[in-house]
Structure formats: C-alpha cells, structure tokens
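Note sheet for the following structure.
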Amino acid sequence: MIRVALIGNPNVGKTELFNRLTGLRQHVGNWPGVTVEKKTGKCIYKGEEMEIVDLPGTYSLTAHAIDELIARDYIVEEKPDVVVDIVDGTNLERNLYLTLLLLELEANVVVALNQWDMVNERGIEIDVNKLSELLGVPVVPTVATTGEGVEALKEAVLNAAEGREKRRKVVMGYGEDVEALIKKVEAVIVKDTSLSSKYPPRWLAIKLLERDEEVTKRVEDSPFWDEMREVLKR
Ligand SMILES: Nc1nc2c(ncn2[C@@H]2O[C@H](COP(=O)(O)OP(=O)(O)OP(=O)(O)O)[C@@H](O)[C@H]2O)c(=O)[nH]1
Ligand SMILES: [Mg+2]
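This is the structure:
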C-alpha cells in the first residue's frame, strides 16, 4: 500500500481534492490527543491501493501551532511515501513557502498546482515545466472542483512512490554565515547514526539552530548532545 499525505495552505482546495481522490471511501476521526479532525481515505489506481491522509491546512511547519505540528510530525515520524503539496496557482508565491519547507524536510513531494481554471481565467502565466525544474519535483496542474488533472496527479503519485522519476535535490540556502553554522551542527548530528537515519541531518541542524523546542527534546538523549550544544552556543 502506498501512503500519501495531502498538505497545503488553508483554502487551496485540499478537501475538494481529497474527495476527488477518495470518493466515499473516507474515514473521519481525530488526531491523537487533540480535537483536530483527521480524515483518511483510500484510492485505487492501476491496481495499487493508496491510503490518503488529509493533513491540517498550514502556511508553515513550526512547533508553535498545533496544526503545523501535527502536519510536521506526521511527515517526520510517519514518513509517508508521497506528500502531495496542494498549491493555489493564483497565489503561487505565498504557497511556495510551504513547498520549500517540505523540500527541506526531504519529503517525497508532488505539487498539485490547483485552481488551474482560475489561473487561466485570470490570464496568469505559469511555466509548469520550469516550475517543476526549479523545485526539482513533479508539478501537475489540477482543478479539484471538476476533476481535471486528477488522473495525471495519481500517475505522478504512483511514479513518485515507486521512485521512477529522477529528482534533483533543491536546497534553500540561508547565506554564508548561517550555512557555516548549519554545516557544523550537521557534522555532529551525523555522528549519531540512530538520529541521522531517523531525521534529515540538515533539517535537524536548522531546527536546532532555530531553538525549536519540540525537535530539541528529541535529540537531548543523544550521546552527542553535549557536543551539539557546544556548537549551538556559538
Ligand atoms: N475554481 C476553483 N475552485 C476551487 C478549486 N479547488 C477548490 N476550489 C474551491 O475553493 C474553495 C476551498 O476549497 P476546499 O477544498 O474547501 O479547500 P481546503 O484547502 O480544504 O480549505 P480548508 O480546509 O478551509 O483549509 C471551495 O469553495 C472550493 O469549491 C479549483 O481547482 N478551482
Ligand atoms: Mg478542508
């Protein structure tokens, strides 16, 4: 079974797309310990069963908001095979911030460029191939309300799950000084193989430098924590 997570900013068309993908095969519950709704569903494509989880709508992936934390934890801990990032094509710039954060998390991202009808209606020009090239991930235009592009999206998800398409690793840079610090922290993190096999080292280094409490809690037991702290102090 292929495990797929849907993520995106609020109001981009996640629910519409989730319904398109899953039809009536849906289950609604709560995320453990909180009253945030968790929707899961199934989709069968080319004989492959996909389990689809609808993550809470979010602009970012910090530890400050419960919705963001749920989304982030799910991706980090459950490691879905594919993360479908639903982007509002009429609001590309704002939406791509989350996309970059997902790439930083080294998620297996497929972008659904939704509201494609509105993009065309408003005469907004988006070079889909160029966007895909810049992000290093597949980009599929969709209209969740009519179902246009949804089959192509399923195909892209299946390909991504099977690791069939080539991916270019795109890294969001933070400037020379911060990059030097990231490298130093990362160098300590990779010494702890149990940690670095669980979390992307670069992402972990960035979160530690951001003083992310949730992430810090998870590395405090590392035999290399003192060494990390020394580097983080500077
Ligand atoms: N024109 C157009 N409208 C769309 C498209 N996708 C979704 N919508 C509309 O956009 C609005 C928001 O869609 P939802 O599916 O509820 O969005 P959401 O991301 O689940 O929103 P939240 O759960 O509130 O974050 C609804 O009115 C949809 O009918 C699309 O591709 N084209
Ligand atoms: Mg919704």
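For what it's worth, this note's numbering labels the leading residue of the sequence shown as 127, then goes sequentially.
Yeah, the Cβ is synthetic: ideal placement off N, Cα and C, and Gly gets one too.
Note that the structure is predicted; figures quoted are calculated from it, not measured.
Query                                                                                                                           : Result
Sequence-distant residues of its chain with Cβ nearer than 6 Å to residue 318 (five each side left out)                         : 348 and 350
Exposure of residue 175, with buried meaning 16 or more beta-carbon neighbours within 10 Å                                      : exposed
Residue 142 Cβ short of 8 Å to ligand 1 heavy atom set                                                                          : yes
Coil, strand or helix - residue 138 by DSSP                                                                                     : coil
Beta-carbon spacing of residue 239, residue 257 below 9 Å                                                                       : yes
Status (buried if at least 16 other CB within 10 Å, exposed otherwise) for residue 306                                          : exposed
Range covered by the beta strand (DSSP E) that runs through residue 192                                                         : Where residue 192 is concerned, there is no enclosing beta strand (DSSP E), although the alpha helix (DSSP H) it sits in stretches over 192-199.
Counted within 10 angstroms of its Cβ, other Cβ atoms place residue 253 as buried (16 or more) or exposed                       : exposed
Boundaries (first-last residue) of the alpha helix (DSSP H) holding residue 303                                                 : 302-315
Per DSSP, the bridge partner or partners of residue 156                                                                         : 163
Between the CA atoms of residue 234 and residue 333 - distance to the nearest angstrom                                          : 20 Å
Beta strand (DSSP E) segment containing residue 175, residue limits                                                             : 174-180
Residue 161 burial status per 10 Å Cβ neighbour count (16 or more: buried)                                                      : exposed
DSSP three-state assignment for residue 327, whether helix, strand or coil                                                      : helix
Cut-off 8 Å between Cβ atoms - residues of its own chain near residue 276, not counting five sequence neighbours on either side : 143, 146, 147, 268 and 270
Those runs of the alpha helix (DSSP H) which lie wholly inside the stretch 258-302 and span at least 4 residues                 : 276-287
Residue 155 Cβ short of 8 Å to ligand 2 heavy atom set                                                                          : no
Paired residues, beta bridge with residue 235 - DSSP                                                                            : 209
Nearest candidate by alpha-carbon position, reference residue 179, set 185, 195, 284 and 155                                    : 155
Alpha helix (DSSP H) segment containing residue 222, residue limits                                                             : 218-230
Buried versus exposed call for residue 140 [16 or more other C-beta atoms within 10 Å across all chains shown]                  : buried
N-terminal and C-terminal residue of the alpha helix (DSSP H) that residue 342 is part of                                       : 339-345
Residue 217 Cβ short of 8 Å to ligand 1 heavy atom set                                                                          : no
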